[in-house]
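The structure under discussion appears below in the form of structure tokens.
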Amino acid sequence: MTKTLYVLSAEPQCGKTLICLGLVSALTSRTARVAFLRPVAETSPEGSDPDIRLILDQFGLDQTPDSAFAVSAEQAAGLIASGSREALFEAVAAAHAGLAAGHEVVVCESGSASPGGQGLTFELDLELARALGAMVVAVVSGRGRTAAQTADAARMAAWAVLGQGVALAAVAVNRFEAEPSPGAAGLVAGCLAGLPGLPDPPPPVWTIPEDERLSRPSMAEVARHLEADVLWGGERLDVQAGETVVAAMSVGNFLNYVRPGCLVVTPGDRADIILAVLAARASGAFPHPAGLALTGGLEVAPSIVRLLSGWADIPIPVIRTSAPTSPTLHRLESLVSRLDPGQQGRVQAALGHFEAHADARELARRLTAGTDETVPGLVFEQSVIARAKALGKTIVFPEGGEDRVLMAADQVMSRGIARVIILGDVEDMERRAAALGLDLSGAQLMNPAGHPDLEAFAATLYDLRKDKGLTLETARELLTDKTYFGTMLVFKGLADGMVSGATTTTADTIRPALQFIRTRPGFSLVSSVFFMCLADRVLVYGDCAINPDPTAEELAEIAAASAGTAARFGITPRVAMLSYSTGVSGKGPDVEKVRQAVALARARLPDIPVEGPIQYDAAVDPVTAAEKMPGSPVAGRATVFIFPDLDTGNVTYKAVQRATGAAALGPVLQGLKKPVNDLSRGCTVRDIVYTAAVTAIQAGEADGVPTPAAREVS
7 MTKTLYVLSA EPQCGKTLIC LGLVSALTSR TARVAFLRPV AETSPEGSDP DIRLILDQFG
67 LDQTPDSAFA VSAEQAAGLI ASGSREALFE AVAAAHAGLA AGHEVVVCES GSASPGGQGL
127 TFELDLELAR ALGAMVVAVV SGRGRTAAQT ADAARMAAWA VLGQGVALAA VAVNRFEAEP
187 SPGAAGLVAG CLAGLPGLPD PPPPVWTIPE DERLSRPSMA EVARHLEADV LWGGERLDVQ
247 AGETVVAAMS VGNFLNYVRP GCLVVTPGDR ADIILAVLAA RASGAFPHPA GLALTGGLEV
307 APSIVRLLSG WADIPIPVIR TSAPTSPTLH RLESLVSRLD PGQQGRVQAA LGHFEAHADA
367 RELARRLTAG TDETVPGLVF EQSVIARAKA LGKTIVFPEG GEDRVLMAAD QVMSRGIARV
427 IILGDVEDME RRAAALGLDL SGAQLMNPAG HPDLEAFAAT LYDLRKDKGL TLETARELLT
487 DKTYFGTMLV FKGLADGMVS GATTTTADTI RPALQFIRTR PGFSLVSSVF FMCLADRVLV
547 YGDCAINPDP TAEELAEIAA ASAGTAARFG ITPRVAMLSY STGVSGKGPD VEKVRQAVAL
607 ARARLPDIPV EGPIQYDAAV DPVTAAEKMP GSPVAGRATV FIFPDLDTGN VTYKAVQRAT
667 GAAALGPVLQ GLKKPVNDLS RGCTVRDIVY TAAVTAIQAG EADGVPTPAA REVS
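Here the sequence shown is numbered in my numbering, starting from 7 and rising by one per residue.
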């Protein structure tokens with residue numbers, strides 16, 4: 007039976023979007039059959055409800071935007087005003103039933119306390135939750151309250167829910183900013199004690215502190231809210247703006263008021279302030295403003311326009327609004343920032359913040375008890391993140407000069423996936439991070455060329471490679487290369503794994519690892535797999551990136567390595583050794599190579615089913631399998647696909663990725679003593695983040711560290 011979780015806000019601006027985001031993340035780590043519903047949808051300048059857009063895009067839920075709401079805020083207001091409450095309830099029930107038919111859990115987000123002021127009352131929302139048979143997560147705000155006041159607010163919200171006979175799943179105290187005393191959090195955590203109707207055990211109380219990263223608007227939001235034109239720096243609109251500083255004084259005095267991340271507001275004819283803000287942004291001696299808003303609709307002086315047109319990279323967004331300064335400031339006071347799927351840095355920070363302070367895993371487990379153990383792609387991706395977070399590993403990124411790497415490192419730290427080391431020119435990385443609005447304060451930034459351990463590392467490399475003719479001078483020179491230096495950090499145990507390849511070739515990435523990390527016992531080569539995250543399952547493809555034309559012996563080794571990788575990531579290995587023919591029908595050197603590889607693989611994997619030669623359709627489709635290879639334990643049910651050569655593997659993984667929309671995690675390298683993973687030069691920030699998570703898990707397995715989450719998806 008479908009279960010429903012209703013996120014109910016007791017007051018405005020309590021941050022229920024964050025709670026929905028965290029809950030859906032926890033649920034999708036266990037099942038792909040999660041749906042999202044807003045009984046009453048908001049409208050936005052983009053024309054759609056921002057929370058619907060966020061949740062559906064972020065998690066790729068199997069539903070349309072139109073299915074994610076029952077009525078608009080305007081329709082709800084009209085129905086309530088006309089006394090047609092029953093029609094409203096019927097519309098919500100119909101929308102809920104449509105989603106419940108195909109999903110295991112429906113997460114509903116409260117229609118009350120919306121930023122626009124329209125929607126449902128708390129009481130009406132609670133009646134809807136009861137009508138849907140939902141469990142409620144009550145959300146209250148701790149902002150501007152003492153611990154005692156916050157505890158009272160949480161207790162009252164819980165009392166209201168229980169008093170209506172509705173099951174209380176949890177209480178989320180968000181934006182908590184009470185006095186920093188040892189008893190403050192405990193006072194809130196114990197706020198439910200003695201309430202009538204509490205289940206045993208009582209529901210959890212999550213205390214989530216205020217985080218300015220989540221409440222500060224982006225410059226894109228500022229521009230939209232002010233209906234402003236973007237004059238310069240449009241590529242930097244993701245930068246978040248904090249305190250507003252009005253520049254109505256001389257430059258000398260104004261600069262004393264500049265704060266990190268501030269939004270400077272000034273009339274459009276203040277050329278001196280425009281230049282001062284840009285100078286402060288470029289200077290290392292002043293805090294960096296986030297943006298500049300020019301008021302009054304005044305044209306910027308032509309000489310200033312000419313000056314800025316010669317600036318190749320304006321380091322700050324400059325926007326212009328037609329309103330005078332005072333109305334602009336008044337309008338900014340009403341700006342409420344919303345999470346947007348296009349700003350993955352903030353979204354990942356939000357998920358990390360929720361997960362650090364609210365443990366929703368037990369609630370997700372209860373709601374998904376009895377879930378089918380087949381692992382859909384979305385569930386697998388979420389479980390990879392969860393497993394990596396539990397390990398606390400350190401990942402080194404050698405390509406600190408690449409913006410995608412810096413953005414990914416920021417997200418890896420925000421989610422708590424791993425600790426991070428980034429290699430490159432330290433000043434340049436800090437400058438790029440500031441320009442991109444990233445927080446790399448938790449990362450270790452290193453420049454190999456000037457690192458104090460360079461000589462010691464060179465001596466180590468020399469000792470390892472002197473029998474190959476390497477000199478100490480050459481070793482020193484090699485270790486100024488970021489990939490060699492990063493690999494040495496892994497070799498020395500100063501990092502647990504390395505992720506590289508966004509700007510370098512596969513050969514450049516793995517060459518140092520082959521030279522001194524070397525292969526694991528029992529392995530003679532390095533190979534790779536991709537995790538193909540389809541909608542209903544995860545398949546393992548190998549080798550699609552490393553070995554051009556493996557021999558039969560090498561194919562068997564690739565099969566053994568790939569089966570081991572699948573098992574370590576919770577996928578039951580059933581190995582299909584692919585060819586252009588199935589069974590004994592084909593003849594020729596190519597199919598004979600696969601036939602020999604099957605015999606060798608079965609000898610290496612006595613407890614794992616291996617089938618081949620087999621065609622792809624017979625390996626993946628039960629109907630075709632019944633015709634071509636009846637009775638096979640692999641045919642039609644294969645999870646690990648071993649391709650006969652690199653051409654076949656690379657073409658197939660890309661074709662399946664494009665045709666199905668599947669996420670392809672990889673290439674994941676296997677066979678090394680310590681994990682070093684390669685990236686495609688066309689990789690996205692998301693690809694880098696997931697590769698880092700996979701690398702952390704590999705490092706944990708290499709250390710023999712158990713990761714219980716793996717058992718949940720096996």
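Glycine included, C-beta positions come from ideal geometry on N, C-alpha and C. Fair warning: this is a prediction, and the values are worked out from it, not measured in the lab.
What does the Cβ neighbour count give for residue i, buried or exposed, with the cut at 16 atoms within 10 Å?
i, result
"Pro45", "buried"
"Asp502", "buried"
"Asp244", "buried"
"Gly297", "buried"
"Gln350", "buried"
"Trp212", "buried"
"Gly274", "buried"
"His294", "buried"
"Ala107", "exposed"
"Lys498", "exposed"
"Pro209", "buried"
"Val640", "buried"
"Val311", "exposed"
"Val711", "Low confidence applies to Val711: its pLDDT is 45, below 50, so where it sits in the model is not reliable, and the reading given next is rough at best. The residue is exposed, with fewer than 16 neighbouring Cβ atoms inside 10 Å."
"Gln155", "exposed"
"Ser15", "buried"
"Asp72", "exposed"
Could you tell me which residues DSSP puts in a beta bridge with residue i?
i, result
"Glu115", "Val13"
"Ala41", "Val112"
"Pro273", "Thr301"
"Arg326", "Asp235, Leu300"
"Cys539", "Val544, Ala669"
"Ala751", "The structure shown does not extend to residue 751, since the chain is modelled only from 7 through 720, so no value can be given for it."
"Arg425", "Thr400"
"Ser534", "Leu675"
Which residues in the same chain have their Cβ closer than 6 Å to the Cβ of residue i, if we skip the five residues on either side of it in sequence?
i, result
"Pro628", "Gly642"
"Arg219", "Ala355"
"Arg717", "With a pLDDT of 32 at Arg717, under the threshold of 50, the predicted position of this residue should be treated as unreliable, though the coordinate-derived value follows. The answer is none, since no qualifying residue turns up."
"Thr512", "Asp684"
"Val581", "Ala565, Ala569, Val616, Val646"
"Val251", "Tyr263, Cys268, Val270"
Which whole-angstrom value is the C-beta distance of residue i and residue j, which I expect to be below 8 Å?
i, j, result
"Ala74", "Leu43", "6 Å"
"Pro650", "Ala551", "With a Cβ gap of about 15 Å, Pro650 and Ala551 do not count as contacting."
"Val700", "Asn683", "7 Å"
"Glu249", "Cys268", "5 Å"
"Ala508", "Glu408", "5 Å"
"Val111", "Lys22", "No, Val111 and Lys22 are not in contact; Cβ-Cβ is about 17 Å, not under 8 Å."
"Ala157", "Val194", "5 Å"
"Ile724", "Ala698", "Past the boundaries of the shown model lies residue 724; the chain is included only from 7 to 720, so the question cannot be answered."
How is the alpha helix (DSSP H) around residue i delimited, first residue to last?
i, result
"Asn683", "It is not in any alpha helix (DSSP H) - Asn683 instead sits in the beta strand (DSSP E) that spans 682–684."
"Gln155", "153–169"
"Met413", "409–420"
"Gly2", "Nothing in the structure corresponds to residue 2, since the chain is present only between 7 and 720."
"Met494", "488–497"
"Ser332", "331–339"
Identify, in the order they occur along the chain, each residue of the same chain with its Cβ nearer than 8 Å to the Cβ of residue i, setting aside the five sequence neighbours on each side.
i, result
"Leu27", "Leu60, Ile61, Gln64, Leu345, Val353, Ala356, Leu357, Phe360"
"Gly169", "Gly203"
"Arg482", "Leu460, Glu461, Ala464"
"Leu341", "Pro223, Glu227, Val228, His231"
"Val307", "Rather than Val, the amino acid found at residue 307 in this sequence is Ala. Closer than 8 Å at the Cβ level, and outside the excluded window around Ala307, lie Asp275, Ala277."
"Tyr468", "Leu476, Thr477, Leu478, Ala481"
At which residues does the beta strand (DSSP E) containing residue i begin and terminate?
i, result
"Gly801", "Nothing can be reported for residue 801, as the shown portion of the chain is limited to 7 through 720."
"Ile648", "646–648"
"Phe522", "Run containing Phe522: none; DSSP gives neither H nor E here."
"Pro215", "211–215"
"Arg181", "173–182"
"Ser78", "75–78"
"Ser147", "141–147"
"Thr250", "250–252"
"Gln450", "450–452"
Closer than 7 Å by C-beta to residue i: which residues in its own chain qualify, once you throw out the five before and the five after it? Chain order, please.
i, result
"Ala439", "Leu412, Leu446"
"Met7", "none"
"Thr377", "Note that Thr377 has pLDDT 48, beneath the 50 cutoff, so the model's placement of it is unreliable and no number is given."
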